[in-house]
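Chains A and B, in that order, are what the protein sequence lines are.
Number 492 in the numbering used here belongs to position 372 of the first sequence; there are no gaps in the numbering.
Number 686 in the numbering used here belongs to position 45 of the second sequence; there are no gaps in the numbering.
By construction, the Cβ of each residue, glycine as well, lies at the ideal position given by its N, Cα and C atoms.
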Amino acid sequence: MIQTLHKLWRNHGGLHLDYHKEDSNAAPTRHLPMAEELIIPLQQHSGYKPTLTVNAGDYVYKGQELASHTGFMKVPVHASTSGTITAIEERPIAHPSGLSDVCIILKPDGKDDWGNARMPTYPDPSQVDGEILRQRICAAGIVGMGGAVFPAAIKLNVHDNIPIEALIINGAECEPYITCDDRLMREKPLEILRGVQIMMHIIATQRCLIGIEDNKPEAIAAMQAACEELGEQRIEIIPIPTLYPSGSEKQLIKILTGKEVPSGGRPSTLGIVCHNPATARAIYRAVVLGEPLIDRYLTITGKGVAQPCNVEVPLGTPIQHLIAHSGGYTPAAKRLAMGGPMMGVSLHTDQIPVVKATNCILVSDIPESEQQPALPCIRCGLCAEACPVTLLPQQLYWHSRARDFDKAEQYHLFDCIECGCCAYVCPSHIRLVDYYRFAKAEIRTQRDAKTKANIARERHDFHQERLERAKREKAEKLAKHKEQAQTNTDDGKKAAIQAALERAKAKKAEAAAQTTTGETTE
Amino acid sequence: MLTAILIVSGLAAVFGLLLGYAAIRYKVEGDPIADKVDAILPQTQCGQCGFPGCRPYAEAIAKGEADINHCPPGGEATIKALAELLGVEAKPLNDENGEHSSVPLVAVIDENTCIGCTLCIQACPVDAIVGAAKHMHTIIESECTGCKLCLPPCPVDCIAMVPAKVEPATWKWPYPVYTLTQQSAPSNDANAQAPKVAS
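So this is what it looks like as C-alpha cells:
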C-alpha cells in the first residue's frame, strides 16, 4: 500500500461523536423495486426554479428533460424512469418549513426505457474542450451531492486569473449514521476517479487531494487500489482524523492545505475547488455514459428502522417506499429526518420524495419535542471551545435572541456553518443553531425588503416621470394647435398652400433629374 | 491694543472669506437628510401618511414638518430606524394613519369579475397592474407593494388584499420557541427557567 505522508493541519474545536456507522455500512448497496409513483420536485438545487418543459399527460422516457436550465442559477431535472406524467402539482418537500412546492408526478410504466433521451457520449473526455464538458454537466442537472446542492457547473467555472492549485474531493462524511459516500467509494471507486479526472481537466489542475476520515479504512483501501489501477500519479488519497465537522468544505480545506477560506469568500479565491465523491461519479456518468443525474446513493438508518442499509434509488422515490423495503418502522421510531443527526431536517411526513440533496434518511428514537428543556445560559464558554469556525457562539446567541442583528453580523454570524457543535456541548441544552438560523433568515428578509423597496422606488419614479411627460406632451400639443389656429387666417393659409406647391415642384424636378441621370447611365 | 484688534479682525475676515468660498465650492445638491429618510421608508407609495408618496413624506420629515410615526406599512421598525437616524425619541404609530400589517399583503384581481375599466391601472403607483381597456387586468405579484390604492377606484370591487404566499424560498426560520411538556419539565414557567442545581 502506497501511503504518501501528507502534512495535515488541525482545525479549532470539533467533536468526537457516537458514529453508528456500522449500523448501515456493512451490507452492499441495494437496489429496490420501482415505486408506484415518483414525485420529482421542480427545484432540487440552490438557485432559481427551472422552466417546465412537459405537461401533465405526457409520456416521458428515462433521462428526458422535464424542466430546462436556460437562465441564471437554474438546473434541469430529468425523468428518473420512463412513464406518464400524471400531474404537476404542489406536494410536501424536504424543507424545514414543511411547506409544499411544485412537483412533477411520474407514474412509471415499468419498462425503464431510455428511448433516445440519452445524451451523446464522450468516451475520451480528455480530448474535449473543458467548456463543452462544463455545459454537459449543467445540462445533466448535476449539483453538489453532499447536501448543499450548489450547481456543479458553476463551481467548476473558474476564473483564468486565479490558477487552480488543487481539486479537493470531500470523502470525509463526518456526520454520524451517514455511510452512503463510504459505500460509494468502496463500490464505485473507478467511476469516482474517472469523474475526478474529468474535473481536473475542466479546471486545468494537476493535483487532487481526496480526504477521507480514517474511520473508513475499506473506502480508503478501495480508492487507493483504484488509483493504482488507473496509474494516476496526480491524485492523492489522504486519510484524515475522524473529527466532526471535518466534512465541512472550509474545514476540510484547512485540514488538507492549511489555508483558510476568508470570511465571505469562496475556496476558488485560494485556488481550490472542492467537490463530493458522488458529484464526481455523476460527472463521469454524464460525460462518458451520457446519463443525467436521475438516481443517487443514500443511507436509510437509525433505531427506528428495522434493517438499516444503503440503497441506490431513482430521484423522486417516496421515503415511505424506502422504509417499507428496509423492514419498515420499528416501535422505537419517533422522528423522521433527512440528513444526519447534527444538521438534518425534520420531516413531518414520509410522503416526501428523495431529491438530489438526500444523503440520508434517519429515523431516530428521540422525538424532537422531547428534547431537554432549555435552561438559561451560564456563560461557561464550552460552545466557543467547540466551534470549528472560531466564532463566539454565546455572543451570537445573545444578539440573535435580542434581535440585535447588526451586532450579530459584526460577530460574523454569516460565517457560521450551522454544524451544531455549540448546541451539542451546551450544558443548558439551548438550541443555539435555531437562533442563528432565525437571525440569518431575518437579516436576509430585511435585505430582500430593501431591494424590493429600491425597485418600488424606481418604478414609482418612472411612473411619476411618465405622468409628467404625458402632461407635458399634451400641453405642447395644445399649444401647437392654438398656434396653428392663429396662423390659419387667410394669409397663413395662402402661405401654407404656396409652400406645399413649392415642395411638390421641387420633388417633381428631383424625380425628373433622377430619371435623366438613370437613362444616361444606362 | 490696536494690533490685537487688527489681527483678530483680520483673522475673522480671512476665515469668513474661506468659509464663504467653501460654501459655494462644496455646495450640496439636494437634501441629504431627505435621501437618508427616504432610504428607510418602505417605498409602498400608499399615501397613508397624508403625503403623495414616500419621497414627499421624507422631505417633510427632513424639514421637520411631519412626525416620524405616520407610516403604517413601515410600522415600528421604520419608526425605530427613523428615530435613530434623526436622534429623536421613538413613539408608537399614529393610529389615524392606519394599522400596521405584520404580514406583507398583495392585491389580487378576481379576473372573472373584472370589466377592464383601467381605473386601477391608473391608480397603481408602481405600474404593477397590466391590462387594457375592456380586457382583463392582472397584478404582477412580485412588483405589488400592497398599497391598497387600487381598491377604491374599482367600480366592481373585484380587487382583494391577500397575504403574500409563503413559498419555501421566501419562508423565514421562526424565532425559537420552546414548548414545555409535562414529562420533561415542570408545568410552571418560572420553575423551568430556574437553573438546575447539580446534585
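- Item | Three-state secondary structure (DSSP) of L287 (chain A) | Locating residue 287 (chain A) in the first sequence gives position 167, counting from the first residue. In the three-state scheme derived from DSSP, where H, G and I count as helix and E and B as strand, L287 (chain A) is classed as strand.
- Task: Over the uninterrupted beta strand (DSSP E) stretch that includes E209 (chain A), give me the two end residues.
- Result: Here the question's residue 209 (chain A) lines up with position 89 in the first sequence. Segment G203 to P212, the beta strand (DSSP E) holding E209 (chain A).
- Message: Residues of chain B with CB closer than 9 Å to the CB of S466 (chain A), please, in chain order.
- Response: Along the first sequence, one-based indexing puts residue 466 (chain A) at 346. Near S466 (chain A) there are no residues of chain B at all, since even the closest Cβ is about 13 Å away, more than 9 Å.
- Query: Leaving out the 5 sequence neighbours to the left and right, which residues in its chain are closer than 6 Å to D830 (chain B) when beta-carbon positions are compared?
  - Reply: By one-based count along the second sequence, residue 830 (chain B) stands at place 189. Caution is warranted here: a pLDDT of 43 is assigned to D830 (chain B), below 50, making its placement in the model unreliable, and the coordinate value is therefore given only provisionally. Within its own chain, no residue has a Cβ closer than 6 Å to the Cβ of D830 (chain B) once the five positions on either side in sequence are excluded.
- Exposure label - S840 (chain B); buried when at least 16 CB within 10 Å: To locate residue 840 (chain B), count along the second sequence from 1; it is residue 199. Since pLDDT at S840 (chain B) reaches only 33, below the 50 mark, its modelled position is unreliable, and the value read off the structure follows with that caveat. Classification of S840 (chain B): exposed, given that the 10 Å Cβ count is below 16.
- Message: Within 10 Å of its beta-carbon, does A645 (chain B) have 16 or more other beta-carbons around it, so buried, or fewer, so exposed?
- Response: The residue you call residue 645 (chain B) lines up with position 4 of the second sequence. Looking at its Cβ environment, which holds fewer than 16 other Cβ atoms inside 10 Å, A645 (chain B) is exposed.
- Task: Count the other CB atoms, across all protein chains shown, that sit within 10 Å of the CB of L659 (chain B); report buried if there are 16 or more and exposed otherwise.
- Result: The count along the second sequence starts at 1 and reaches residue 659 (chain B) at position 18. Exposed.
- Task: Tell me whether F270 (chain A) is buried or exposed, calling it buried when 16 or more other Cβ atoms sit within 10 Å of its Cβ.
- Result: As a first step, residue 270 (chain A) must be located in the first sequence, where it is residue number 150. Burial call: buried.
- Which word fits Y662 (chain B), buried or exposed, when buried means at least 16 other C-beta atoms lie within 10 angstroms of its C-beta? Position 21 of the second sequence holds residue 662 (chain B). Within a 10 Å sphere around the beta-carbon of Y662 (chain B) sit fewer than 16 other beta-carbons, which makes this residue exposed.
- Under 6 Å Cβ to Cβ from A477 (chain A), same chain only, skipping five residues before and after it: list those, please. As a working note, residue 477 (chain A) is residue 357 in the first sequence. Hits under 6 Å: G267 and V269.
- One or two residues paired with R150 (chain A) in a DSSP bridge: Position 30 of the first sequence, counted from the start, is the residue given in the question as residue 150 (chain A). BP columns for R150 (chain A) point to A:V431.
- Distance between beta carbons of A528 (chain A) and H519 (chain A), contact taken as under 8 Å: Residue 519 (chain A) sits at position 399 when you count from the first residue of the first sequence. Residue 528 (chain A) sits at position 408 when you count from the first residue of the first sequence. Their Cβ separation, rounded to whole angstroms, is 4 Å, which keeps H519 (chain A) and A528 (chain A) in contact under 8 Å.
- Message: Taking the alpha carbon of Y417 (chain A) as the reference point, which residue from A:R401, A:V407 and A:K423 has its own alpha carbon closest?
- Response: As a position in the first sequence, residue 417 (chain A) is number 297, starting the count at 1. The option with the nearest alpha carbon to Y417 (chain A) is A:R401.
- Message: Which residue wins for smallest C-alpha separation from A342 (chain A), given the options A:P309, A:Y364, A:G448 and A:P361?
- Response: One-based indexing of the first sequence puts residue 342 (chain A) at position 222. Ranking A:P309, A:Y364, A:G448 and A:P361 by Cα distance to A342 (chain A) puts A:P309 first.
- If we count Cβ pairs, one from each stretch, closer than 8 Å, do we get three or more for the segment 453-469 of chain A versus the segment 177-196 of chain A? Touching, no.
- Message: Tell me the DSSP secondary structure of M463 (chain A) in three-state form.
- Response: Translated into the one-based positions of the first sequence, residue 463 (chain A) becomes position 343. In this structure, DSSP gives M463 (chain A) a state outside helix and strand, which the three-state scheme calls coil.
- Message: By the DSSP assignment, the alpha helix (DSSP H) with I373 (chain A) in it spans what residues?
- Response: Translated into the one-based positions of the first sequence, residue 373 (chain A) becomes position 253. Residues E369 to T377.
- Query: What are the complete alpha helix (DSSP H) segments, minimum 4 residues, inside the segment 298-373 of chain A?
  - Reply: Here the runs fully enclosed are 300-307, 309-323 and 337-350.
- Task: Note the first and the last residue of the continuous beta strand (DSSP E) segment covering I800 (chain B).
- Result: Residue numbering aside, residue 800 (chain B) sits at position 159 when the second sequence is read from its first letter. Note, I800 (chain B): beta strand (DSSP E), I800 to P804.
- Message: On a Cα-Cα basis, can you pick out the residue from A:P228, A:R256 and A:D233 that is closest to K239 (chain A)?
- Response: In the first sequence, counting from the first residue as 1, residue 239 (chain A) sits at position 119. In the sequence under discussion, the amino acid at residue 239 (chain A) is Met, which differs from the Lys named in the question. Relative to the Cα of M239 (chain A), the nearest Cα in the group A:P228, A:R256 and A:D233 belongs to A:R256.
- Query: By the 10 Å Cβ neighbour count, where 16 or more other Cβ atoms means buried, how is V747 (chain B) classified, buried or exposed?
  - Reply: Taking the first residue of the second sequence as position 1, residue 747 (chain B) is located at position 106. Buried, because 16 or more other Cβ atoms sit within 10 Å of the Cβ of V747 (chain B).
- Query: Who are the near neighbours of C788 (chain B) in its chain, counting only those whose CB is closer than 7 Å to its CB and skipping five residues on each side?
  - Reply: Your numbering for residue 788 (chain B) matches position 147 in the second sequence. For C788 (chain B), where only same-chain residues beyond five positions count, the Cβ hits under 7 Å are T685, Q686, C687 and P766.
- Which bits of chain B does R551 (chain A) rub up against, with CB to CB less than 7 Å? On the first sequence, residue 551 (chain A) is found 431 positions in, with the first residue counted as 1. The answer, in chain order, is P817.
- Within this structure, are the beta carbons of N290 (chain A) and H136 (chain A) separated by less than 8 Å? Start at 1 with the first residue of the first sequence, and residue 290 (chain A) comes out as number 170. Start at 1 with the first residue of the first sequence, and residue 136 (chain A) comes out as number 16. Their beta carbons are not under 8 Å apart, which means N290 (chain A) does not touch H136 (chain A) by this criterion.
- For T779 (chain B), the residue or residues it bridges with in DSSP: Here residue 779 (chain B) refers to the residue found at position 138 of the second sequence. T779 (chain B) has B:V771 as its beta-bridge partners, per DSSP.
- Query: Considering only residues of the same chain and omitting the five flanking positions on each side of K379 (chain A), which have a CB-CB separation below 8 Å?
  - Reply: On the first sequence, residue 379 (chain A) is found 259 positions in, with the first residue counted as 1. The residues are I373, L390 and I392.
- Task: Quick one: list the residues of chain A neighbouring E784 (chain B), beta-carbon separation under 8 Å, in chain order.
- Result: The residue labelled residue 784 (chain B) in the question sits at position 143 within the second sequence. Against chain A, the beta carbon of E784 (chain B) has neighbours under 8 Å at I575, A576 and R579, listed in chain order.
- Query: Quick one: what does DSSP say R565 (chain A) is sitting in, helix, strand or coil?
  - Reply: Mapped onto the first sequence, residue 565 (chain A) falls at position 445. The residue asked about is misnamed: residue 565 (chain A) is Thr in this sequence, not Arg. Look at T565 (chain A) here: in three-state DSSP terms it is helix.
- Under a CB-based cut-off of 8 Å, is E529 (chain A) close to chain B? Walking along the first sequence from the start, residue 529 (chain A) turns up at place 409. Chain B contact via Cβ: absent.
- Item | Partner residues on chain A for E740 (chain B), Cβ-Cβ distance less than 7 Å | What you label residue 740 (chain B) is simply residue 99 of the second sequence in a count that begins at 1. Residues of chain A passing the Cβ test: none, with the nearest at roughly 19 Å.
- Task: Check the C-beta distance from H549 (chain A) over to A494 (chain A) and give it rounded, since I have them as a contact under 8 Å.
- Result: By 1-based counting over the first sequence, the position of residue 549 (chain A) is 429. By 1-based counting over the first sequence, the position of residue 494 (chain A) is 374. That pair is a contact at about 5 Å.
- Query: Does DSSP put K273 (chain A) in a helix, a strand or coil?
  - Reply: In the first sequence, counting from the first residue as 1, residue 273 (chain A) sits at position 153. What sits at residue 273 (chain A) in the sequence shown is Ala, not Lys. In this structure, A273 (chain A) counts as helix in the three-state DSSP scheme.
- Message: When you compare the CB of V474 (chain A) with every CB in chain B, is at least one pair closer than 8 Å?
- Response: In the first sequence, the residue the question calls residue 474 (chain A) occupies position 354. So, not an interface residue.
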